[in-house]
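Working notes, beginning with the structure itself.
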Amino acid sequence: MARAVLLAQSSNGPHHVHTQTYWLLGVVLGLLVVAYVAGRLLKRYPDHSLNPALIERFNHRIRVWWLMCAILVAAFLMGRVPTIILFGCLSFWSLREFITMTPTRRGDHRALFWIFFVFTPAQYALVALGRGAYESLFGVPHRDFYSLYSVAIPVYALLFIPMRTAMAGDPRRFLERSAKIQAGLFICVYYLSYAPALLNLELTTSAGALWGDPGSHVQNAGLLFYFILIVQLGDMFQQVWSRLTGRRVIAPRINASRTWEGLLGGVTSTTLVGALLWWATPFQFWQAGCMAMVVAVAGFGGGMVMSAIKRDRGVEDYGTLVQGHPGILDRIDSLCFAAPLFYHLTRYFFSQVY
Amino acid sequence: MASAEGTGGLVMAITGPMLATIAKLVSGASLRWIDCQPDTCQRVYFANHTSHLDALVLWSCLPKEIRIRTRAVAARDYWEKGPIRRHMARSFNVLLIDRKEIKVHRSPVQMMLQEIGERDSLIVFPEGSRNTKEELGEFKSGLYYLGKKRPDLELVPVYMENLNRVLPRGEVLPVPLLSCITIGPPIWLEAGEPKNDFLNRAREAVQRLRDR
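Chains as they are written, first to last, in our numbering: chain A, 1 to 354; chain B, 1001 to 1212.
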């Protein structure tokens, strides 16, 4: 981390935004170290007033945060394309978990092969090509392949999947099977790909002034980090509020731990923290608050939808077929649902759109 | 079966571990031992058979010390078709059995026992060929004769889940779904146990692991 901070200071000089981005990362890493040490200590010297399962869950959550942080530090140090590839791998893995949990028939095999090995890589390749490739191909600067990757899956993959399934010749539950494969592709790949697509935007403030150094990806990586931080905080706050004050469960048959109190408290706290971190983003104080609120609500929606799918399948977690070990998809469900919203709000209000 | 020596040994040393890693990645398999511990003692792992990947994946998922002493029994007509399959079969040291021409003086069971000697373990699929139905197929008698001729071998049931979705019958390209391999407690042939009773008991041992 010290190296990254040094790099930021030496290369950016007058651009204060960059230093602020690194500050944000520094603060979060510091908090993580504290939380990690606390979790380890609690595990080693158990306090009998605390439930060991709770401590285990806390430690697990911290591990997930480390993973998220590692990905984002990679974004800072390695650049745009490796970050997009990392998100592509996340998509691939969660799609794998999703389809494993979804009953498919023998006739879906070829369509599944296509979504794993053609549509998923193609989506991330289109995001990764970025502005440079667009300019060298079409001679138009400031644009990436948004016009293609925003429709590739919703239009073309959606046309292709039922066609390929139909060609396999098995009519049983045809529409249901196509819909399930399409839902997996949307949630795990299409929605999530909007998170790294943030790296392609030319960020501005709401007044239209460029934010940060236009040739650098560092400020975009900072915004991506802010987004992931807010989603994770939203999840955590909702859990904490539910545990402390939760009384009225929203939908007991979907998820017994999500309550109205948790939702309200969680969204409020997330909004507040998001607003207080406005200095790390192109947003003003109140704008950052609004963004954080939208993200928290969308994240909540994502969690509910994925819970509903899991209850329908009669499983506790995605991931391995062995129950009791949460998979990647359990961790990124809220991220998937919040990413398109955050991307589009940023795109239309805080970036140069040509 | 001299492939374990000479150039075959070299091939195994390089592509064997590589193949194991790829098989584990593609099948996303998680391995569970239920009332059974990993051990290098001589065993016969018998599993349900739904995909061509079965033998390769089960072999790959075993811990390395066990893997190098374990040989999967597979059909010669499949694994000797084309240079890639032949090379793969040699890399994971498959024990190839002729399904079509069974010679009277050299039965498959005899050949298996001769190949493993006093050291190796076996992976067998007693259903014979790949099963496309939900229920397990009837077991062939090979397992019974293995148990009868070598009563010291531990007969270990294995249930493999989801591999028929990773690579179904008739497909060439795998879809990387997650699968699960459950290894259960060993059984032995009881003294004087009739063949059909034993085969049914073995089949139930595999079936039971499905719900665990």
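Note that the Cβ used here is the ideal one computed from N, Cα and C, for glycine as well.
- Query: Name the chain A residues whose beta carbon is nearer than 7 Å to that of B/Pro1176?
  - Reply: Arg96 and Phe116
- Consult DSSP for A/Leu203 and reduce its assignment to one of helix, strand or coil. strand
- Item | Listed by chain order, chain B residues near A/Phe113 by CB distance under 7 Å | Leu1173 and Val1175
- Query: Using 8 Å as the threshold, is the stretch 112-121 of chain A in touch with the stretch 339-354 of chain A, meaning 3 or more CB pairs across them?
  - Reply: no
- Message: In the DSSP assignment, the alpha helix (DSSP H) including A/Trp241 goes from what residue to what residue?
- Response: Val218 to Thr245
- Message: Using a Cβ-Cβ distance cut-off of 8 Å, determine whether B/Asn1131 contacts chain A.
- Response: no
- Query: Since B/Gly1192 meets chain E, which of its residues come closer than 7 Å, beta carbon to beta carbon?
  - Reply: Absent from the structure is chain E; the protein chains it does hold are A and B.
- Compare the C-beta of B/Asn1048 against all C-beta atoms of chain A and say whether one is closer than 8 Å. no
- Query: Is there a Cβ from chain B that is less than 8 Å from the Cβ of A/Ile332?
  - Reply: no
- What in chain A is Cβ-close to B/Gly1137, meaning under 7 Å? Within 7 Å Cβ-Cβ: nothing; B/Gly1137 doesn't reach chain A, min ~17 Å.
- Message: At the level of alpha carbons, what is the spacing between A/Cys89 and A/Thr83?
- Response: 10 Å
- Query: Could you give the residue range of the alpha helix (DSSP H) that holds B/Ser1030?
  - Reply: That residue, B/Ser1030, is in no alpha helix (DSSP H); its beta strand (DSSP E) goes Ser1030 to Trp1033.
- Message: DSSP has B/Pro1038 in a bridge; who is on the other side?
- Response: None; B/Pro1038 has no bridge partner.
- Task: For A/His109, decide whether its Cβ has a neighbour in chain B, counting only Cβ atoms nearer than 8 Å.
- Result: yes
- Task: Pull out every residue of the stretch 1025-1045 of chain B whose Cβ sits closer than 8 Å to any Cβ of chain A, in chain order.
- Result: Gly1028, Ser1030 and Arg1032
- Using a Cβ cut-off of 9 Å, pull out every chain A residue sitting near B/Arg1203, in sequence order please. The premise fails here: B/Arg1203 is roughly 22 Å from chain A at the closest Cβ pair, so nothing lies under 9 Å.
- Please classify A/Arg380: is it buried, with 16 or more other beta-carbons within 10 angstroms of its beta-carbon, or exposed? Residue 380 of chain A is absent from the model: chain A starts at 1 and stops at 354.
- Message: Here's the rule I'm using: 16 or more other beta-carbon atoms within 10 Å means buried, otherwise exposed. How should B/Ser1129 be labelled?
- Response: exposed
- Query: Which of helix, strand or coil does DSSP assign to A/Thr165?
  - Reply: helix
- Taking contact to mean at least 3 C-beta pairs separated by less than 8 Å, is the stretch 214-227 of chain A in contact with the stretch 265-283 of chain A? yes
- Cβ contact check for the stretch 1027-1046 of chain B and the stretch 1180-1188 of chain B: 3 or more pairs under 8 Å: yes
- Message: For the beta strand (DSSP E) containing B/Thr1070, name the first residue and the last one.
- Response: Thr1070 to Ala1075
- Item | B/Pro1168: contacting residues in chain A (beta-carbon distance under 7 Å) | Arg106 and His109
- Message: Using the Cβ count rule (16 or more neighbours within 10 Å means buried), how would you classify A/Tyr194?
- Response: buried
- Exposed or buried, A/Pro46, counting other C-beta atoms within 10 Å across all chains shown (16 or more means buried)? exposed
- Query: Can you find a CB in chain B that lies within less than 8 Å of the CB of A/Thr100?
  - Reply: yes
- Task: Figure out for me which residue from B/Leu1155, B/Asn1093, B/Ser1030 and B/Gln1207 has the closest Cα to the Cα of B/Arg944.
- Result: As shown, chain B starts at 1001 and ends at 1212. That puts residue 944 of chain B outside it, with no answer to give.
- Look at the alpha carbon of B/Leu1209 and the alpha carbon of B/Glu1134, and state the distance between them as a whole number of angstroms. 14 Å
- Bridge partner(s) assigned by DSSP for B/Glu1154: B/Arg1043
- Item | Residues in the stretch 1142-1170 of chain B having any Cβ partner in chain A nearer than 9 Å | Glu1161, Asn1162, Asn1164, Arg1165, Leu1167, Pro1168, Arg1169 and Gly1170
- Query: By a C-beta neighbour count over all protein chains shown, 10 Å radius and 16 as the cutoff for buried, is A/Tyr156 buried or exposed?
  - Reply: exposed
- Item | B/Leu1143 and B/Val1124 closer than 8 Å at C-beta | yes
- Simplified DSSP state of B/Gly1016, which is helix, strand or coil: helix
- Message: If I measure Cβ to Cβ from A/Phe337 and keep anything under 6 Å in the same chain, skipping five residues before and after, which residues do I get?
- Response: Ala298, Gly301 and Gly302
- Task: Quick one: measure Cβ to Cβ for A/Met68 and A/Ile228, integer angstroms, because I've assumed they're closer than 8 Å.
- Result: 6 Å
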